[in-house]
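In what follows, a single structure is set out as structure tokens and then discussed.
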Amino acid sequence: MPRVETDRIARVESTSFSGRQNIQATPEDFGFGIGAEVERIGFEMQQEDDETRANDALTQYNQGMRDLMHNPETGYLNQKGENAYRNFSTTNEQIESLRQQLADDLDNDRQRDLFLRTSQKQTDSYLDSASRHASSERQVWLKATQEASVEDTIEDAAANYTQPDIVRNNMIKGEMTLQEMASDEGWSKEVLNERLDDYRSNAHISVMNRMVANNDYESAQAWFSNNKDAIDGTKHAEIESRLNDGVINNQARRNVEAIYDSNTPINTLTKEARDSTDNTQLADEMVRRLKIMRDEDLEAEKAIQNESYELGGFIIIDQGGSTDDIPRSAWENMTTQQKVSLKTLESKSENRTTDIATWNAINQMAIEDPKQFSELPLLNFASNLSLSDFQEFGKLQRKYKDQDQQTISSVQSLGTKANNALKAVNIDIDEDRGQKFMRAFQQQVSRFEQATGERIQPNEVDKIIDTLLIEGEIEGRFVDPDKRFFEVEAGEVFFIEDIPESELKLIDAALDKAGKPKTNENRVLLYTADQIAPVRE
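Here the sequence shown stands for residues 15 to 551, numbered as in the working numbering.
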């Protein structure tokens, strides 16, 4: 057997143990606790998230409630009286609706519970504020309603001052309302009596004021005498003085109307006034009124002389839309006062405008049937004619009545020219455009003859017709801009399409003389200044 030498084998020394080794380990040392820690951390984070979301909802709630309660325009606590009282229930519903909406928008029940618990205190505070505001404003409303009711009894009493029973019933109603207010608000007896005294005084004064407004000073004076004890004593002197002056003025007016005669010298009238009474104040007021009436008569006489006019032996008096014809003999026998009663100043009649259809019908009659026109009762058409047109037809009618053949021939000739001109451009004289042209044409002829003092000549008539029938376009009018010049209204800008050939040489000569280029623009400007401006005047 082979032999192994022991000295070649490493010696292994034995180790002896004196006791057992105590080794301790936890599950976490082996990785068993990691999941629980993660769960704990996640739970804490969720709590923080829930609290954050609930706090955010609470912030939104407070912001919404501040707007709901304090908005300067719509906030509930800024509403007054009946509005605050009527809107209380609606506001409560809005508070709860906002709170519930914010709760519903949260992610889970814990967030909702947190928000609802933390917002409850604010909610109770808001509801309490709203409730107290509603109660307070209800009292304000009720008081205002009662005060308004009291004032209404005064106004109704004054409005019915001619019916004592209604006045009395209103005052009883007003006093009863004040007694109800005293009971509701706990007034002392002294306060109630003071309010009742003020009410009675104000009611009586309001009734008298209505009488005075209707110039019934005598009734007001009698009312004051019968109710003096119920009216504030500090106002007695002022009321007595005012009513006395009113009674004097009324008496003076009646006395003056009885004695006034426009043909009696003013000195005689004033002496009669002073001799008629021992009351100096009444006499002075009568004299003052007499002088005013005489001054008014003098002014009216001047106005009548300036503004009445004669037509066929009659004096025509304009009366603001209608006219009266007074025979000259009757007019001369009238007093100034009688004339004034018929006369309305011409300034009022100037507002009357001419109805073009009426004007055209009368004008066509003058052209086609001179006899019928001479017999036409012009006064029947006065309300449809301006004063100047009425006067023009009156003058023309007098010439027709006098059989002024030159005038008749001239009118017929002008009418024929105008009719032919309209036919040439396919405008019917019986339509609105034709009537408008005839009116403009006659106006220009009249102005020419008044300015020159001569009868218009055919060449001037042709020039007026040509000018009125110029074609052009009205600036800014997108619908139907193409018009003829006689259709242009005041203030509209009219662009001319073609200048009549007869005028072109004259215009170019004028431009040469002025040293301006003969451009179409300059030609139009010069033609407008020379021809259209006079027609527009």
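Ideal placement from N, C-alpha and C gives every residue a C-beta, glycine not left out.
It should be emphasised that the depicted structure is a prediction, and the values quoted were computed from it without experimental measurement.
Quiz item: Using CA coordinates, which residue listed in D123, K242 and V301 is at the minimum distance from R67?
Solution: D123
Quiz item: Three or more beta-carbon pairs under 8 Å between the region 151-165 and the region 75-92, yes or no?
Solution: no
Quiz item: Does the region 447-463 come within contact of the region 475-490, defined as at least 3 CB pairs closer than 8 Å?
Solution: yes
Quiz item: Ends of the alpha helix (DSSP H) at I186?
Solution: P178 to E199
Exercise. Mind the definition here: the region 424-440 touches the region 398-405 only if three or more C-beta pairs lie below 8 Å; say whether that holds.
Key: no
Quiz item: In chain order, what residues of the same chain have a beta carbon less than 7 Å from the beta carbon of I262, not counting five sequence neighbours either side?
Solution: Q295, L296 and E299
Practice problem: Identify whether S361 lies in helix, strand or coil by the three-state DSSP scheme. | Solution: At S361, the pLDDT of 38 sits below 50, so the modelled position is not reliable; the number obtained from the coordinates is stated separately. Here S361 sits in helix by DSSP.
Practice problem: Let me know the secondary structure DSSP gives E468 once reduced to three states. | Solution: coil
Self-check item: Straight-line gap, K497 to E468 (C-alpha atoms, nearest Å)
Solution: 32 Å
Practice problem: Under 7 Å Cβ to Cβ from T284, same chain only, skipping five residues before and after it: list those, please. | Solution: V301 and L304
Exercise. For the beta strand (DSSP E) holding I219, just list the boundary residues, first then last.
Key: Taken as a continuous stretch (DSSP letters only), I219 belongs to no beta strand (DSSP E), being part of the alpha helix (DSSP H) at K203 to A227.
Quiz item: Exposed or buried, what is T430 when buried is set at 16 or more other beta-carbons lying within 10 Å of its beta-carbon?
Solution: exposed
Quiz item: Shortest alpha-carbon distance to I422 belongs to which of F407, L436, A435 and N434?
Solution: F407
Practice problem: Please check the pair A158 and G95, which I expect to be a contact at CB under 8 Å, by giving their CB distance rounded to whole angstroms. | Solution: 6 Å
Exercise. Mind checking which residues open and close the beta strand (DSSP E) that includes D369?
Key: Unbroken run through D369: none, as it is neither H nor E.
Quiz item: For M222, which option in L436, N241 and L112 has the closest C-alpha, if you only look at C-alpha atoms?
Solution: N241
Quiz item: Using the rule of at least 16 other Cβ atoms within 10 Å of the residue's Cβ for burial, across every protein chain shown, is V2 buried or exposed?
Solution: This structure gives no information on residue 2, because the portion of the chain shown stretches from 15 to 551.
Quiz prompt | Exposed unless 16 or more other CB atoms sit within 10 angstroms - verdict on V205 | solution = exposed
Quiz item: Taking the C-alpha atoms as reference points, what is the distance between S215 and A244?
Solution: 6 Å
Self-check item: Own chain residues within Cβ distance below 6 Å of I273, not counting five before or after
Solution: E286
Quiz item: How many Å lie between L390 and K409 at the Cα?
Solution: 13 Å
Quiz item: How big is the Cα-Cα spacing for A528 and L520?
Solution: 12 Å
Exercise. Select from Q417, K385, Q420 and T372 the residue whose C-alpha is nearest the C-alpha of F404.
Key: T372
Quiz item: Applying the criterion that 16 or more other CB atoms from any shown protein chain within 10 Å of the CB defines a buried residue, is R113 buried or exposed?
Solution: buried
Quiz item: How many angstroms separate the CA atom of Q108 from the CA atom of Y99?
Solution: 15 Å
Exercise. Could you tell me which residues DSSP pairs with R498 in its beta bridges?
Key: E485
Self-check item: Element boundaries [alpha helix (DSSP H), containing E156]
Solution: Residue identity differs from the one stated: residue 156 is Leu in this sequence, not Glu. From DSSP, the alpha helix (DSSP H) with L156 extends over D123 to A173.
Quiz item: Leaving out five residues before and five after M79 in sequence, what residues of the same chain have Cβ atoms less than 6 Å from its Cβ?
Solution: Y140
Quiz item: Counting along the chain, where does the alpha helix (DSSP H) carrying P384 start and finish?
Solution: P384 to S388
Quiz item: Among D246, M307 and S233, which one has its Cα closest to the Cα of N269?
Solution: M307
Quiz item: What residue range is occupied by the uninterrupted alpha helix (DSSP H) comprising G260?
Solution: H250 to I273
Quiz item: Quick one, which of E58, Q417 and N101 has its alpha-carbon nearest S145's?
Solution: N101
Quiz item: Should N293 be labelled buried (16 or more other beta-carbon atoms within 10 Å of its own) or exposed?
Solution: exposed
Exercise. State the Cα-Cα distance for the pair E62 and A117, rounded to the nearest angstrom.
Key: 17 Å
Practice problem: Return the chain-ordered ranges of every alpha helix (DSSP H) run that is complete within the region 55-85 and spans a minimum of 4 residues. | Solution: none
Practice problem: Can you give me the Cβ contacts of Q125 inside the same chain, cut-off strictly under 7 Å, excluding the 5 residues immediately before and after it? | Solution: D64, R67 and A68
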